[in-house]
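Following: one structure in structure tokens, then a few remarks.
Protein chains: 2
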Amino acid sequence: MELTRKETSLLRALATRAGRKKSGCCRCEGLRAVRELFANHPEKIQFAVVTPEMQSAVDFPEELLRIVPEKLFEEFSGTVNSQGIIAVAGIPDAPAGEIAGEFVLAVDQLGDPGNFGTIARSLRAAGQKELWYTKGSVDPWGDKAIRSGMGVQFSMNLRRFDSLADMAEFGKKHGIKNVFIADPHQGENCFTCDSLFDRAMIVIGGEPNGVRGSYPEARRVIIPMPGNYESINAAQAATVLIFESVRRKVM
Amino acid sequence: MELTRKETSLLRALATRAGRKKSGCCRCEGLRAVRELFANHPEKIQFAVVTPEMQSAVDFPEELLRIVPEKLFEEFSGTVNSQGIIAVAGIPDAPAGEIAGEFVLAVDQLGDPGNFGTIARSLRAAGQKELWYTKGSVDPWGDKAIRSGMGVQFSMNLRRFDSLADMAEFGKKHGIKNVFIADPHQGENCFTCDSLFDRAMIVIGGEPNGVRGSYPEARRVIIPMPGNYESINAAQAATVLIFESVRRKVM
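Right, dumping it as structure tokens:
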């Protein structure tokens, strides 16, 4: 089918947060991201723009496919080396109350979309589902966050809160036993802290400020750095902690 | 002192790999990166362009400082939210033969400068120094690699090789006992493999292809992923392995 004018303007509008908010949709670019979307929320897909050579790469119902010339496609694409596929989909509803998996990974005012997506991917790879974020964080449904996350957003429980305190309170109400704040300077050793992944919430801050919000009952956890170095990137810190949970399971 | 015309053209030329090769210099942008440069190779600094408000932030000898108006600075800066400081420095010489630290982290055809810099930072934080790379990898002295690495390049032993086989041979000659290739599909469990950090070389590939080079004696190592997910980002994989070495030390 042909791309309509309305669809064209929707595609363009979704480049901005305002456009996503207004329409309740997002753009999902790249083959792996679209596959993740299709596997988890096929009902949310409105249409997909593809270049002629990509049309057979996904098993989409034909009525959802809009084949457009490469040149027009490039106008929509947010990346230089595009894979030739962008799906437009409704943003999934906020998940119900129950918390899935063993622990919650939370980010506080994480501003970088690449970091958000990368953390989502690490969490997904570790078999966890809960990724929470506070106001002031990047929009998880923005182009770059979806590309970096390769669409794992569509299979996770993303929850947004106004503040760290709100987030912690919600967690406590739903079975979270401990709130841990990752701290570059002091805290319990992440490799030996027994309760770190036992129905816990682990909060990572955005660089360069670390976690800005506070919660009185929170415990501090530190990743030891023998190199005597200030700090690592937020996504790296999250990944170290996430895979420490994997290690404890498989070792 | 005033920025000369020659310095202006050098600054511009250093945005490209060809310009860096010709002059043997690189640009180092951002406060932390410049501090890392200053702490490790003060003798390599040729000059630093700073905005008026940044001139007191570093303890540079005055004759090296070129204070320029914000507007002109922005022309040189590779980033939108610049910190107002860029140093131009000679690229440090290749390190001597001896291998420092406990293990070598090597990347094979890693094309993303952000990933390169991030891996360098994780390695530095873990107290290791050897970061090797094969032809086909990004230039570690490019703007973005230095920004992502926050200049830790200046305190590491970076070594470039034509191929994975060359790299492994060099390692073997200099005391490396085992070569491990990180493999997303199969291999020894990274959390239980005893010899992983004992004078070993660990090779990470660029996404999405993983390690392309080969070396007959290489062992394979895998990061377990309970989420049954294809793979994580190259920088995340490297960081998981790097901090597994830290865990074994501090636990």
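Chains as they are written, first to last, in this note's numbering: chain A, 2 to 252; chain B, 2 to 252. All residues carry an ideal CB built from backbone N, CA and C; glycine is no exception. Since the structure is predicted, the reported quantities are computational estimates derived from the model, not experimental observations.
Where residue i meets chain B, residues with beta-carbon distance less than 7 angstroms
i: residue 192(A); result: 248, 251, 252
i: residue 119(A); result: 234, 237
i: residue 123(A); result: 233, 237
CB contact below 7 angstroms: residue i versus chain A
i: residue 241(B); result: yes
i: residue 244(B); result: yes
i: residue 225(B); result: yes
Pair within 7 angstroms by beta-carbon distance, residue i and residue j
i: residue 165(B); j: residue 138(B); result: no
i: residue 131(A); j: residue 98(A); result: no
i: residue 88(B); j: residue 49(B); result: yes
i: residue 128(B); j: residue 228(A); result: yes
i: residue 122(B); j: residue 153(B); result: yes
i: residue 222(B); j: residue 192(B); result: no
i: residue 15(B); j: residue 21(B); result: yes
i: residue 148(B); j: residue 30(B); result: yes
i: residue 236(A); j: residue 119(A); result: yes
i: residue 1(A); j: residue 45(A); result: Nothing can be reported for residue 1(A), as the shown portion of chain A is limited to 2 through 252.
i: residue 86(A); j: residue 51(A); result: yes
i: residue 146(B); j: residue 117(B); result: yes
i: residue 177(A); j: residue 151(A); result: no
i: residue 38(A); j: residue 155(A); result: yes
i: residue 284(B); j: residue 61(B); result: No statement about residue 284(B) is possible, as the shown extent of chain B runs from 2 to 252 and does not include it.
i: residue 243(B); j: residue 124(B); result: yes
i: residue 238(B); j: residue 183(B); result: yes
i: residue 68(A); j: residue 56(A); result: yes
i: residue 169(B); j: residue 216(B); result: yes
i: residue 240(B); j: residue 240(A); result: yes
Whole-Å CB distance - residue i paired with residue j, under 8 angstroms assumed
i: residue 126(B); j: residue 233(A); result: 5 angstroms
i: residue 18(A); j: residue 143(A); result: 7 angstroms
i: residue 100(B); j: residue 175(B); result: 5 angstroms
i: residue 12(B); j: residue 77(B); result: 5 angstroms
i: residue 225(B); j: residue 247(A); result: 6 angstroms
i: residue 2(B); j: residue 73(B); result: 15 angstroms between Cβ atoms; not a contact.
i: residue 190(A); j: residue 35(B); result: Actually they do not touch by this definition, with Cβ atoms about 32 angstroms apart.
Listed by chain order, chain B residues near residue i by CB distance under 8 angstroms
i: residue 127(A); result: 226, 227, 228
Terminal residues of the alpha helix (DSSP H) in which residue i lies
i: residue 68(B); result: Residue 68(B) -> not in any alpha helix (DSSP H); beta strand (DSSP E) instead, spanning 66–68.
i: residue 85(A); result: Per DSSP, residue 85(A) belongs to no alpha helix (DSSP H) and is neither H nor E.
i: residue 147(A); result: 144–150
i: residue 139(B); result: First-last for residue 139(B): undefined, no H or E at that position.
i: residue 8(B); result: 6–14
i: residue 155(B); result: Segment: none, residue 155(B) is in no alpha helix (DSSP H) and carries neither H nor E.
i: residue 166(B); result: 165–174
i: residue 35(A); result: 32–41
i: residue 223(A); result: Premise fails: residue 223(A) lies in the beta strand (DSSP E), 220–223, not in any alpha helix (DSSP H).
i: residue 57(B); result: Note, residue 57(B): premise wrong, no alpha helix (DSSP H); not H, not E.
i: residue 126(B); result: 114–126
i: residue 73(A); result: 71–77
i: residue 232(B); result: First-last for residue 232(B): undefined, no H or E at that position.
i: residue 228(B); result: Neither: residue 228(B) is in no alpha helix (DSSP H) and is coded neither H nor E.
i: residue 24(A); result: 18–24
N- and C-terminal bounds of the beta strand (DSSP E) containing residue i
i: residue 201(B); result: 201–206
i: residue 240(A); result: Residue 240(A) -> not in any beta strand (DSSP E); alpha helix (DSSP H) instead, spanning 235–251.
i: residue 109(A); result: 104–109
i: residue 135(A); result: 131–135
i: residue 213(A); result: It is not in any beta strand (DSSP E) - residue 213(A) carries neither H nor E in the DSSP assignment.
i: residue 179(A); result: 179–183
i: residue 48(B); result: 46–51
Residue i: CB within 6 angstroms of a non-hydrogen atom of the ligand ZN
i: residue 213(A); result: No copy of the ligand ZN appears in this structure; indeed no ligand is present at all.
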